[in-house]
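Keeping their order, the protein sequence lines are chains A and B.
Residue numbering for the first sequence follows the numbering used here, beginning at 1 and increasing consecutively.
Residue numbering for the second sequence follows the numbering used here, beginning at 1 and increasing consecutively.
2 protein chains.
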Amino acid sequence: MAGKRIIIIGGGFGGLTAARALRRDDVVLIDRTNHHLFQPLLYQVATAALSPSDIAWPLRTVFRSQRNVRVLMEEVIAIDRAVRSIRFRESPPMSFDVLIVAPGSRHAYFGHDEWEPLAPGLKTLTDAVLMREKMLLAFEEADRRRAAGGPDEQLTFVIVGGGPTGVELAGALAEIGRKAMGPDFPTLRLEDLCILLVEGGPRILPGFSAELSAKADAALSGMGVTIRLNSLVSGVREDGVMIDQEFVPSAGIIWAAGNKASPLLETLGTAQDGAGRVKVGPDLTIPGEPWVFVLGDAANCTGEDGKPLPGLAPVAIQQGRYVADVIQHDTPPAERRPFVYVDRGMLATIGRAKAVAQIGRLHVSGLFAWLLWCIVHIFFLIGVRSRFRVMSEWLWYYVTFKPGARLLFEQPAIVHNDRATMHRSNE
Amino acid sequence: MAGKRIIIIGGGFGGLTAARALRRDDVVLIDRTNHHLFQPLLYQVATAALSPSDIAWPLRTVFRSQRNVRVLMEEVIAIDRAVRSIRFRESPPMSFDVLIVAPGSRHAYFGHDEWEPLAPGLKTLTDAVLMREKMLLAFEEADRRRAAGGPDEQLTFVIVGGGPTGVELAGALAEIGRKAMGPDFPTLRLEDLCILLVEGGPRILPGFSAELSAKADAALSGMGVTIRLNSLVSGVREDGVMIDQEFVPSAGIIWAAGNKASPLLETLGTAQDGAGRVKVGPDLTIPGEPWVFVLGDAANCTGEDGKPLPGLAPVAIQQGRYVADVIQHDTPPAERRPFVYVDRGMLATIGRAKAVAQIGRLHVSGLFAWLLWCIVHIFFLIGVRSRFRVMSEWLWYYVTFKPGARLLFEQPAIVHNDRATMHRSNE
Numbered sequence: 001m002a003g004k005r006i007i008i009i010g011g012g013f014g015g016l017t018a019a020r021a022l023r024r025d026d027v028v029l030i031d032r033t034n035h036h037l038f039q040p041l042l043y044q045v046a047t048a049a050l051s052p053s054d055i056a057w058p059l060r061t062v063f064r065s066q067r068n069v070r071v072l073m074e075e076v077i078a079i080d081r082a083v084r085s086i087r088f089r090e091s092p093p094m095s096f097d098v099l100i101v102a103p104g105s106r107h108a109y110f111g112h113d114e115w116e117p118l119a120p121g122l123k124t125l126t127d128a129v130l131m132r133e134k135m136l137l138a139f140e141e142a143d144r145r146r147a148a149g150g151p152d153e154q155l156t157f158v159i160v161g162g163g164p165t166g167v168e169l170a171g172a173l174a175e176i177g178r179k180a181m182g183p184d185f186p187t188l189r190l191e192d193l194c195i196l197l198v199e200g201g202p203r204i205l206p207g208f209s210a211e212l213s214a215k216a217d218a219a220l221s222g223m224g225v226t227i228r229l230n231s232l233v234s235g236v237r238e239d240g241v242m243i244d245q246e247f248v249p250s251a252g253i254i255w256a257a258g259n260k261a262s263p264l265l266e267t268l269g270t271a272q273d274g275a276g277r278v279k280v281g282p283d284l285t286i287p288g289e290p291w292v293f294v295l296g297d298a299a300n301c302t303g304e305d306g307k308p309l310p311g312l313a314p315v316a317i318q319q320g321r322y323v324a325d326v327i328q329h330d331t332p333p334a335e336r337r338p339f340v341y342v343d344r345g346m347l348a349t350i351g352r353a354k355a356v357a358q359i360g361r362l363h364v365s366g367l368f369a370w371l372l373w374c375i376v377h378i379f380f381l382i383g384v385r386s387r388f389r390v391m392s393e394w395l396w397y398y399v400t401f402k403p404g405a406r407l408l409f410e411q412p413a414i415v416h417n418d419r420a421t422m423h424r425s426n427e
Numbered sequence: 001m002a003g004k005r006i007i008i009i010g011g012g013f014g015g016l017t018a019a020r021a022l023r024r025d026d027v028v029l030i031d032r033t034n035h036h037l038f039q040p041l042l043y044q045v046a047t048a049a050l051s052p053s054d055i056a057w058p059l060r061t062v063f064r065s066q067r068n069v070r071v072l073m074e075e076v077i078a079i080d081r082a083v084r085s086i087r088f089r090e091s092p093p094m095s096f097d098v099l100i101v102a103p104g105s106r107h108a109y110f111g112h113d114e115w116e117p118l119a120p121g122l123k124t125l126t127d128a129v130l131m132r133e134k135m136l137l138a139f140e141e142a143d144r145r146r147a148a149g150g151p152d153e154q155l156t157f158v159i160v161g162g163g164p165t166g167v168e169l170a171g172a173l174a175e176i177g178r179k180a181m182g183p184d185f186p187t188l189r190l191e192d193l194c195i196l197l198v199e200g201g202p203r204i205l206p207g208f209s210a211e212l213s214a215k216a217d218a219a220l221s222g223m224g225v226t227i228r229l230n231s232l233v234s235g236v237r238e239d240g241v242m243i244d245q246e247f248v249p250s251a252g253i254i255w256a257a258g259n260k261a262s263p264l265l266e267t268l269g270t271a272q273d274g275a276g277r278v279k280v281g282p283d284l285t286i287p288g289e290p291w292v293f294v295l296g297d298a299a300n301c302t303g304e305d306g307k308p309l310p311g312l313a314p315v316a317i318q319q320g321r322y323v324a325d326v327i328q329h330d331t332p333p334a335e336r337r338p339f340v341y342v343d344r345g346m347l348a349t350i351g352r353a354k355a356v357a358q359i360g361r362l363h364v365s366g367l368f369a370w371l372l373w374c375i376v377h378i379f380f381l382i383g384v385r386s387r388f389r390v391m392s393e394w395l396w397y398y399v400t401f402k403p404g405a406r407l408l409f410e411q412p413a414i415v416h417n418d419r420a421t422m423h424r425s426n427e
């Protein structure tokens with residue numbers, strides 16, 4: 001099938017990798033934003049360590065020299081399998097020969113979507129910038145109250161979910177709060193700042209070995225993070241959160257618990273799991289559609305252990321390469337070798353010179369794991385410029401403890417407006 | 001008067017310089033944002049060449065090691081001369097012994113404030129980020145229309161005002177549009193992009209010599225900018241602008257014509273000029289208040305030529321130093337030498353390796369002027385980190401023509417919301 005048109009929905013790790021590997025055919029890469037986002041470092045934008053432009057790249061620039069790829073900034077509202085075309089919010093429908101569906105996921109609120117505007121997750125640049133605004137505004141407001149002789153209320157930030165994202169956020173918040181913000185807010189004492197990490201299970205970083213999650217637990221506690229295990233959030237309000245029937249007042253609530261695949265997937269009309277992920281075959285296609293592939297967070301792809309593969313960047317990247325290979329060679333369904341995920345290990349950073357790494361049998365923590373983490377992440381960034389910038393930012397912060405991007409835009413208005421927007425986008 | 005309390009309203013060039021120079025007394029520095037902004041480079045954020053964090057610095061970090069300065073993020077709504085105190089939007093009133101008023105200015109719409117949301121100016125980080133969003137969204141939308149087989153409408157951006165800001169914006173837009181965006185939007189042809197610079201007077205850069213403004217004119221035209229002199233804007237709409245009774249459809253209108261000093265100044269109850277600037281004496285104080293100083297854009301301070309000094313950073317900086325000196329020495333009104341502005345020249349950049357410089361008798365243009373401009377601006381940035389970052393950004397762009405910060409946040413919503421906000425803030 002020569003000169004076929006391949007539509008890729010989503011410019012995340014999976015979609016981007018596939019588009020880069022598809023060198024011959026007509027490729028249309030569609031994303032609702034104009035950039036590819038390096039999500040693993042998004043929490044550093046949220047905590048003002050990095051700027052948005054350090055970890056995001058305009059898709060058009062990425063594909064500037066790859067002429068067979070056309071980038072379209074649009075929102076896909078439906079996939080019509082019957083007529084092999086997709087529908088957009090604005091543009092007229094577009095038909096495809098091959099479809100790669102990689103729209104990613106949002107956070108899951110376990111049936112309480114009304115919590116999202118009050119306890120936003122961390123998936124987009126907007127999420128990160130709003131989280132940064134919220135954190136900085138909370139400090140400024142506390143300072144104003146103190147200066148005006150107000151009561152010494154604690155400044156509490158609650159992070160829901162003890163997975164890598166939650167742990168990295170908690171660590172970064174504790175560090176920026178105590179080491180970076182502290183000195184700039186003489187009116188606030190360190191003990192006034194409380195970072196609360198809430199995990200439903202018996203330990204944080206459940207994906208890691210018990211030993212490493214214990215190390216992470218100890219490291220976080222040492223940085224002043226309060227960890228509550230086996231605790232469930234039963235309610236979220238503007239001014240705080242209910243944890244096991246106890247109300248905890250808080251200046252900011254961040255949601256890092258569970259994913260829910262994009263609602264777009266429902267229009268595929270095929271089997272989905274509880275998290276909304278599409279159940280795909282060993283070649284990542286959906287039943288009866290040998291040329292419709294689903295990748296990354298959007299796919300429920302069974303691993304060798306019989307469990308679905310985790311929603312990690314390496315999984316999406318390897319799936320992107322696999323799918324591109326199948327398409328380039330027009331491999332008929334019968335001749336396709338099943339996709340196999342090669343697990344190169346897991347990393348989670350806790351703070352400056354603190355991290356945990358689990359690579360096969362190698363379990364390490366501390367400075368070495370942290371350096372490993374830095375190197376791996378720098379390596380996966382796109383382009384010399386970003387690698388260089390991020391490296392210098394980290395070095396600068398490592399030495400001075402002055403984060404680079406602690407800017408409040410003159411627009412608390414936006415926080416509210418956009419909360420509303422996020423909420424709508426969820427309905 | 002020992003241990004006196006000095007309140008500074010505004011963390012711009014004037015307020016910041018004064019606060020840094022006041023080493024002894026109790027200083028409270030108030031700003032509605034949390035950062036000092038290097039406005040002369042704001043247009044580079046608007047045109048995606050620089051990131052916000054490259055040209056803005058948290059005030060608290062700037063004064064971290066200067067313990068006598070307290071930073072307060074608040075909005076001042078009134079100055080009560082009678083009781084020597086100021087009123088805030090949220091905090092309780094605060095009294096002062098010495099007051100430095102440096103709230104800066106917004107753009108003047110010549111009695112048509114309703115134009116502001118449609119043709120925003122460029123004063124704050126928010127303005128710049130929204131302008132960037134608007135420009136990038138316009139390109140994406142044009143591309144969507146073309147891809148969908150729409151008509152080949154021109155993509156027109158109108159800049160109102162041929163002063164340094166307007167000229168720098170026009171040049172930067174033309175450059176980013178043709179050299180940087182061009183290659184990324186194969187559907188758009190260069191001739192589809194129109195940058196229109198509208199100036200009411202007979203020549204652009206009226207502050208410069210006729211010879212230099214002719215050079216700037218030629219350089220801009222060479223870059224594809226259309227310049228309309230002796231033209232007045234008589235109407236602004238969402239979809240275009242009326243220029244001398246002719247309607248010009250446009251995707252974006254940017255206002256760079258004239259300033260209007262902060263409305264806060266009216267509460268001082270003293271003489272103001274047509275632009276709302278407070279008329280100050282030779283020691284920058286207002287009549288009858290030897291310890292209330294007004295600086296920068298907010299002040300109408302007569303220069304040696306009998307005309308009011310221009311609203312330039314160097315003026316505000318020198319005024320800040322002067323005022324701090326008077327306050328540190330408790331100089332009685334009678335003994336104060338009048339403030340004298342030392343004009344070190346004017347610079348305006350037009351594009352890559354193009355600029356004009358007027359330093360006393362020295363009038364230069366082209367590469368040399370541009371290098372001079374780069375050096376001067378790098379020099380005036382705060383801190384090694386920013387100087388280093390901005391320099392590398394410029395070098396990178398100079399070599400690759402790939403601007404660094406071309407990111408759209410997933411929030412066209414914000415553009416509208418914030419327009420509304422800006423509008424409200426203007427009422």
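Each residue gets a CB set at the ideal place from its N, CA and C atoms; glycine is no exception.
- Could you tell me whether the Cβ of Met422 of chain A comes closer than 7 Å to any Cβ of chain B? Residue confidence for Met422 of chain A is low, a pLDDT of 28 falling below 50, so the modelled location carries little weight and cannot support an answer.
- Amino acids of chain A, ordered along the chain, whose beta-carbon sits closer than 7 Å to that of Glu238 of chain B: By Cβ distance, chain A contributes nothing, its closest Cβ being about 17 Å from Glu238 of chain B, past 7 Å.
- Task: Assess, as a yes-or-no matter, whether the segment 201 to 216 of chain A is touched by the segment 346 to 359 of chain A under the definition of 3 or more beta carbon pairs within less than 8 Å.
- Result: yes
- Query: Checking contacts by CB at 7 Å: is Glu410 of chain B closer than that to chain A?
  - Reply: At Glu410 of chain B, the pLDDT of 47 sits below 50, so the modelled position is not reliable; the number obtained from the coordinates is stated separately. With 7 Å as the cut-off, Glu410 of chain B counts as an interface residue toward chain A.
- Query: What is the DSSP secondary structure of Glu289 of chain B, counted as helix, strand or coil?
  - Reply: Of the three classes helix, strand and coil, the one that applies to Glu289 of chain B here is strand, per DSSP.
- Item | 8 Å CB neighbourhood of Val451 of chain A in its chain, flanking five on each side removed | Residue 451 of chain A is absent from the model: chain A starts at 1 and stops at 427.
- Nearest candidate by alpha-carbon position, reference Ala18 of chain B, set B:Asp325, B:Gly171 and B:Met242: B:Asp325
- Task: Assign Asn230 of chain B to buried or exposed, taking buried as 16 or more other Cβ atoms, counted over all protein chains shown, within 10 Å of its Cβ.
- Result: exposed
- Does the Cβ-Cβ distance between Leu395 of chain A and Phe339 of chain A come in under 7 Å? no
- Item | For Pro412 of chain B, the three-state DSSP class (helix, strand or coil) | Its pLDDT being 37, under 50, Pro412 of chain B is placed unreliably by the model, and the measurement read from it follows with that caveat. Here Pro412 of chain B sits in helix by DSSP.
- Show which residues of chain B have a CB atom less than 9 Å away from the CB atom of Asn259 of chain A. Here the premise fails: no neighbours, minimum Cβ distance about 18 Å.
- Task: Answer yes or no: do Gly252 of chain A and Phe157 of chain A have a C-beta to C-beta separation smaller than 7 Å?
- Result: Yes.
- Taking only beta carbons into account, state which residues of the segment 41 to 72 of chain A come closer than 7 Å to chain B, listed in chain order. Ser51, Pro52, Ser53, Ala56, Pro58, Arg60, Thr61, Arg64 and Leu72
- For Trp370 of chain A, the first and last residue of its enclosing alpha helix (DSSP H): Leu367 to Phe380
- Taking C-beta pairs closer than 8 Å, name the residues in chain B that Ser91 of chain A reaches, listed in chain order. Arg144, Ala147 and Ala148
- Item | From B:Ile159, B:Ala138, B:Arg89 and B:Asp97, residue whose alpha carbon lies closest to that of Ala119 of chain B | B:Ile159
- Message: Suppose contacts are defined by Cβ-Cβ distances below 7 Å. Is Ala353 of chain A in contact with Leu367 of chain A by that definition?
- Response: Annotated as proximal: Ala353 of chain A and Leu367 of chain A, with beta-carbon spacing under 7 Å.
- Task: Using only alpha-carbon positions, find the residue among B:Ile30, B:Ser85 and B:Leu50 that is nearest to Phe63 of chain B.
- Result: B:Ile30
- Residues of chain B with CB under 8 Å from Phe185 of chain A, in chain order? Arg60
- Message: Do Ala170 of chain B and Leu428 of chain B have their beta-carbon atoms positioned less than 7 Å apart in this structure?
- Response: Nothing can be reported for residue 428 of chain B, as the shown portion of chain B is limited to 1 through 427.
- Does the segment 380 to 394 of chain A touch the segment 238 to 250 of chain A, meaning 3 or more C-beta pairs lie closer than 8 Å? no
- Give the residues of chain B in contact with Glu74 of chain A, contact being defined as C-beta atoms less than 8 Å apart. Arg144
- Task: Answer with yes or no whether the minimum CB distance from Ala19 of chain B to chain A is below 7 Å.
- Result: no
- Item | Cβ-based contacts, 8 Å cut-off: residues of the segment 367 to 400 of chain A near chain B | If the cut-off is 8 Å between Cβ atoms, the segment 367 to 400 of chain A has Arg385, Phe388, Arg389, Ser392 and Trp396 near chain B.
- Task: Enumerate, from N- to C-terminal direction, the unbroken alpha helix (DSSP H) stretches of 4 or more residues contained entirely within the segment 147 to 193 of chain A.
- Result: 164 to 175
- Run of the alpha helix (DSSP H) containing Glu304 of chain A, from where it starts to where it stops: Segment: none, Glu304 of chain A is in no alpha helix (DSSP H) and carries neither H nor E.
- Item | With 16 other Cβ atoms within 10 Å as the buried cut-off, status of Tyr398 of chain A | exposed
- Message: Using the three-state DSSP reduction, which class does Thr226 of chain B fall into: helix, strand or coil?
- Response: Of the three classes helix, strand and coil, the one that applies to Thr226 of chain B here is strand, per DSSP.
- Residue ranges of each beta strand (DSSP E) run of no fewer than 3 residues wholly in the segment 316 to 373 of chain B, ordered along the chain? 346 to 351, 354 to 359 and 362 to 365
- Message: Going by beta-carbon coordinates alone, are Ala108 of chain B and Gly222 of chain B separated by less than 7 Å?
- Response: Against a cut-off of 7 Å, the Cβ pair of Gly222 of chain B and Ala108 of chain B comes out as no contact.
- Item | Entirely enclosed beta strand (DSSP E) segments - the segment 234 to 275 of chain A, minimum 3 residues | 240 to 243, 246 to 249, 252 to 255 and 259 to 261
- How about the segment 3 to 14 of chain B and the segment 86 to 97 of chain B: do they share at least three Cβ pairs that are nearer than 8 Å? yes
- Query: Does the segment 321 to 335 of chain A come within contact of the segment 192 to 211 of chain A, defined as at least 3 CB pairs closer than 8 Å?
  - Reply: no
- Rounded C-alpha distance that separates Phe88 of chain A from Glu141 of chain B: Looking at the two C-alpha atoms, the distance is approximately 13 Å.
- Task: Within its chain, find whatever has a CB closer than 6 Å to the CB of Gly281 of chain B; leave out the 5 residues flanking it on each side and keep chain order.
- Result: none
- Message: I'd like the list of long-range same chain contacts for Phe185 of chain A, defined as Cβ closer than 8 Å, with 5 residues on each side in sequence excluded.
- Response: So the list reads Phe139, Ala142 and Asp143, once near-sequence residues are dropped.
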